[in-house]
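First residue of the sequence shown: 16, per this note's numbering; consecutive thereafter. Idealized CB from N, CA, C, for every residue including glycine. Notes follow once the structure below has been shown.
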Amino acid sequence: MGQGKVKRYFAIGDIHGCLSSLEALLERLNPLLDPEEDAIVFVGDYVDRGPDPRGVIERIIKLREEFPNVICLMGNHEDMLLNWVTKGEDLELYLYNGGGSTIRSYSGGGSFQLPPSHLEFLKSLLLYYETDHYLFVHAGLRPGIPLQRQERFDLLWIRGDFIFSRHDFGKIVVFGHTPLREPLVMDNKIGIDTGAVYGGRLTCVELPALRFYSVPGWEGGLGLV
């Protein structure tokens with residue numbers, strides 16, 4: 016489906032292995048979704064920290080088979096996972112950032128095994144997705160830098176310099192990455208990571224209506240928000 020046919024976007028925040036929350040949110044959204052006119056956008060961070068990273072990836076792959084327009088962005092956690100799996104790099108950084116739960120999820124008591132379809136999924140993830148009125152990205156943008164010159168690191172990792180900026184990015188930036196107790200709505204940005212893995216909620220925003228849907232996060236959450 017071309018972008019011109021899309022009338023509504025349903026953007027979903029950081030999941031971090033919280034499969035039960037993802038299933039509950041999709042069940043809530045299902046009666047609302049029109050496959051002819053709607054798109055689902057995931058802003059990244061499917062893996063790490065939470066109880067079932069493998070299950071989350073499997074569910075999103077299945078969703079892309081069920082629903083015609085699912086857009087999946089790269090999060091910093093998928094980037095770290097890919098760097099380790101494909102290049103053998105940054106294992107210490109990855110483990111420090113919660114990668115152990117993903118390694119266990121794909122080990123099943125034995126050696127780590129990432130199915131080819133899951134590796135293909137990770138390699139297919141986009142750094143950003145742009146529409147006429149919105150720019151979807153995992154972490155945010157460096158203020159004052161044109162989109163084409165943004166650093167990969169900033170798209171995946173930036174926090175304060177973006178969060179607190181009133182800069183006009185030309186479009187409303189929809190992002191995750193920085194967990195907040197409630198969605199952040201400003202003139203220039205919408206933040207939808209509400210800390211599902213920390214015992215908060217998994218949140219979706221419907222655009223352009225600016226309508227929010229959320230479900231409880233992981234009951235065993237890490238308790239940081």
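State the Cα-Cα distance for the pair Met16 and Asn84, rounded to the nearest angstrom. For the purposes of this step, residue 16 is taken as the residue at position 1 of the sequence shown. For the purposes of this step, residue 84 is taken as the residue at position 69 of the sequence shown. Since pLDDT at Met16 reaches only 47, below the 50 mark, its modelled position is unreliable, and no value is offered.
What distance in whole Å lies between the Cβ atoms of Val62 and Leu88, which are believed to be in contact at a cut-off of 8 Å? Reading the sequence shown from its first residue, position 73 is the one you call residue 88. Reading the sequence shown from its first residue, position 47 is the one you call residue 62. Not really, about 13 Å apart at Cβ, beyond 8 Å.
Nearest neighbour of His182, chosen from Leu40, Ser36, Val56, Gly159 [CA to CA]: Residue numbering aside, residue 182 sits at position 167 when the sequence shown is read from its first letter. If we check each option's Cα against that of His182, Gly159 comes out closest.
Taking only the alpha-carbon atoms, compute the straight-line gap between Leu106 and Leu142 and give it to the nearest angstrom. For the purposes of this step, residue 106 is taken as residue 91 along the sequence shown, with counting starting at 1. For the purposes of this step, residue 142 is taken as residue 127 along the sequence shown, with counting starting at 1. In a straight line, the C-alpha of Leu106 is about 22 Å away from that of Leu142.
Return the CA-CA distance between Arg157 and Val200, expressed in angstroms with no decimal places. Position 142 of the sequence shown holds residue 157. Position 185 of the sequence shown holds residue 200. Cα-Cα distance, rounded: 18 Å.
Could you give the residue range of the beta strand (DSSP E) that holds Ile187? To locate residue 187, count along the sequence shown from 1; it is residue 172. First-last of the beta strand (DSSP E) with Ile187: 187–190.
Find out if the Cβ-Cβ distance for the pair Val220, Pro198 is shorter than 8 Å. Along the sequence shown, one-based indexing puts residue 220 at 205. Along the sequence shown, one-based indexing puts residue 198 at 183. Yes, they are a contact pair.
Taking 8 Å as the threshold (C-beta atoms), are Asp94 and Asp208 in contact? Taking the first residue of the sequence shown as position 1, residue 208 is located at position 193. Taking the first residue of the sequence shown as position 1, residue 94 is located at position 79. No; because the gap between Cβ atoms is not below 8 Å, this pair is not in contact.
Can you list, in chain order, the residues of its chain with a C-beta nearer than 6 Å to that of Val240? Leave out the 5 residues immediately preceding and following it. Here residue 240 refers to the residue found at position 225 of the sequence shown. Summary for Val240: the model assigns pLDDT 47, below 50, so the residue's position carries little reliability; its value from the coordinates is reported in the next sentence. So the list reads Pro194, Arg196, Gly210, Tyr213, Gly215, once near-sequence residues are dropped.
Proximal residues to Arg226 (C-beta, below 8 Å), its chain only, five neighbours per side dropped: Locating residue 226 in the sequence shown gives position 211, counting from the first residue. The beta carbon of Arg226 is closer than 8 Å to those of Val220 in its chain, skipping five residues each way along the sequence.
Going by other Cβ atoms of all chains shown within 10 Å of its Cβ, with 16 needed for buried, is Ser126 buried or exposed? Residue numbering aside, residue 126 sits at position 111 when the sequence shown is read from its first letter. Around the beta-carbon of Ser126, fewer than 16 other beta-carbon atoms lie within 10 Å, marking it exposed.
Mind checking whether Ile173 and Gly155 have CB atoms under 8 Å apart? Taking the first residue of the sequence shown as position 1, residue 173 is located at position 158. Taking the first residue of the sequence shown as position 1, residue 155 is located at position 140. The answer is yes: Cβ separation under 8 Å.
How about His114 and Leu96: do their beta carbons lie closer than 8 Å? On the sequence shown, residue 114 is found 99 positions in, with the first residue counted as 1. On the sequence shown, residue 96 is found 81 positions in, with the first residue counted as 1. Contrary to the premise, residue 114 reads as Gly rather than His in this sequence. Closer than 8 Å, so yes.
For Ser180, which residues in the same chain have their Cβ closer than 6 Å to its Cβ, ignoring the five residues on either side in sequence? One-based indexing of the sequence shown puts residue 180 at position 165. These residues qualify, in order along the chain: Pro158.
Inspect the beta-carbon positions of Gly32 and Arg64 and report whether they are closer than 8 Å. One-based indexing of the sequence shown puts residue 32 at position 17. One-based indexing of the sequence shown puts residue 64 at position 49. Closer than 8 Å, so yes.
Beta-carbon separation of Pro66 and Trp233 under 8 Å? Here the question's residue 66 lines up with position 51 in the sequence shown. Here the question's residue 233 lines up with position 218 in the sequence shown. Yes, these two residues count as a Cβ contact at 8 Å.
N-terminal and C-terminal residue of the alpha helix (DSSP H) that Pro68 is part of: For the purposes of this step, residue 68 is taken as residue 53 along the sequence shown, with counting starting at 1. It spans 68–81 - the alpha helix (DSSP H) in which Pro68 sits, taken as one unbroken run.
Quick one: what does DSSP say Glu145 is sitting in, helix, strand or coil? By 1-based counting over the sequence shown, the position of residue 145 is 130. Note: Glu145 maps to strand in three-state DSSP.
Judging by CA-CA distance, which residue of Glu38, Gly124, Phe184 is the nearest neighbour of Val230? Taking the first residue of the sequence shown as position 1, residue 230 is located at position 215. Selected option, being the one with the closest Cα: Glu38.
Glu51 - partner residues in DSSP beta bridges: Translated into the one-based positions of the sequence shown, residue 51 becomes position 36. None, per the DSSP bridge assignment.
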